[in-house]
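J.: Position 68, counted from 1, in the sequence shown is what the numbering used here calls 126; the numbers after and before it change by one each time, with no gaps.
In this text, a Cβ means the ideal position worked out from N, Cα and C, and glycines have one as well.
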Amino acid sequence: MKRFLAVLLASLLIAGLCMPAHAVTAQYKSTQAFADMLDSLEITYSLSGPDSDGDELISIENEFDNGYECTFHVYFNSHEENCYIRVWNIISYDDADFSKVLRACNTLNNQYKYVRFYADESDNTVTASLDLIFRDNDVDQIVLEALLTAVSILEDAYPALDIYNK
Numbered sequence: 059m060k061r062f063l064a065v066l067l068a069s070l071l072i073a074g075l076c077m078p079a080h081a082v083t084a085q086y087k088s089t090q091a092f093a094d095m096l097d098s099l100e101i102t103y104s105l106s107g108p109d110s111d112g113d114e115l116i117s118i119e120n121e122f123d124n125g126y127e128c129t130f131h132v133y134f135n136s137h138e139e140n141c142y143i144r145v146w147n148i149i150s151y152d153d154a155d156f157s158k159v160l161r162a163c164n165t166l167n168n169q170y171k172y173v174r175f176y177a178d179e180s181d182n183t184v185t186a187s188l189d190l191i192f193r194d195n196d197v198d199q200i201v202l203e204a205l206l207t208a209v210s211i212l213e214d215a216y217p218a219l220d221i222y223n224k
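1) Would you mind sorting Glu114 into buried or exposed? The rule is 16 or more other CB atoms within 10 Å of its CB.
2) Following the continuous alpha helix (DSSP H) through Asn164, name the residue where it begins and the one where it ends.
3) In terms of residues, what are the limits of the beta strand (DSSP E) holding Ile116?
4) Pull up the distance between the alpha-carbon of Phe175 and that of Cys163, whole angstroms please.
5) Find out if the Cβ-Cβ distance for the pair Tyr172, Thr207 is shorter than 8 Å.
6) Can you look up Ala79 in the DSSP assignment and give me helix, strand or coil?
7) Between the C-alpha atoms of Asn124 and Ile221, what's the straight-line distance to the nearest angstrom?
8) Taking only the alpha-carbon atoms, compute the straight-line gap between Ala79 and Leu99 and give it to the nearest angstrom.
9) Is the beta carbon of Ile143 sitting closer than 8 Å to the one on Leu212?
10) From the DSSP output, which residues share a beta bridge with Leu190?
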């Protein structure tokens, strides 16, 4: 498992080296701790200030070995005790394939812990979701480990969904 996470981290680092990292100032301590971690690893990201819900966003683009590209959206809330990670539009599927996509998502949800897959009927796309709870200590490490776990799961799960991608 450690070797696998090391490979994933190396992949993220290589992708991040394509563009220079940048120092930012976030409004929340939890967001800033994670941004500082990403800066130290030279991983490229973008930071958006608090939205209408009070969530501060860090977005990280990622490309997998199979050519699949996605953006991991990490939202930190103003309470600074949790965040959530979302990957939207993993695939777009035909309405006629909804039941097959739903079965694929259910199978993935049974197979993997932590990350959940949803077939969104409003726009016929699949979303991946991961929610975290933390306290002041080690926010950066907790969120980075969760992100790496999400990357690993999404890389493994993507082929099961890609067959329905239109």
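T.: Reading from the atomic positions:
1) Within the sequence shown, residue 114 is the residue found at index 56, counting from 1. Taking all protein chains in view, the Cβ of Glu114 is crowded by 16 or more other Cβ atoms within 10 Å, so the residue is classified as buried.
2) Here residue 164 refers to the residue found at position 106 of the sequence shown. Element bounds for Asn164: 156 to 169.
3) For the purposes of this step, residue 116 is taken as the residue at position 58 of the sequence shown. First-last of the beta strand (DSSP E) with Ile116: 114 to 121.
4) Here residue 175 corresponds to residue number 117 of the sequence shown, with the count starting at 1. Here residue 163 corresponds to residue number 105 of the sequence shown, with the count starting at 1. So the alpha carbons of these two residues sit roughly 5 Å apart.
5) Taking the sequence shown and counting its residues from 1, one reaches residue 172 at position 114. Taking the sequence shown and counting its residues from 1, one reaches residue 207 at position 149. Yes, Cβ-Cβ distance for Tyr172 and Thr207 is below 8 Å.
6) For the purposes of this step, residue 79 is identified with residue 21 of the sequence shown, where counting begins at 1. Low per-residue confidence applies at Ala79: pLDDT is 47, beneath 50, and the placement is therefore not dependable, though the value from the model is reported in the following sentence. Coil at Ala79, not helix or strand.
7) As a first step, residue 124 must be located in the sequence shown, where it is residue number 66. As a first step, residue 221 must be located in the sequence shown, where it is residue number 163. Asn124 and Ile221 have their C-alpha atoms spaced approximately 14 Å apart.
8) Indexing the sequence shown from 1 puts residue 79 at position 21. Indexing the sequence shown from 1 puts residue 99 at position 41. Residue placement at Ala79 is flagged as unreliable, the pLDDT there being 47, under the threshold of 50; the coordinate-derived value follows with that caveat. Each residue's alpha carbon lies about 9 Å from the other.
9) The residue you call residue 143 lines up with position 85 of the sequence shown. The residue you call residue 212 lines up with position 154 of the sequence shown. Not a contact, by the Cβ cut-off of 8 Å.
10) For the purposes of this step, residue 190 is taken as residue 132 along the sequence shown, with counting starting at 1. Leu190 is bridged to Cys141.
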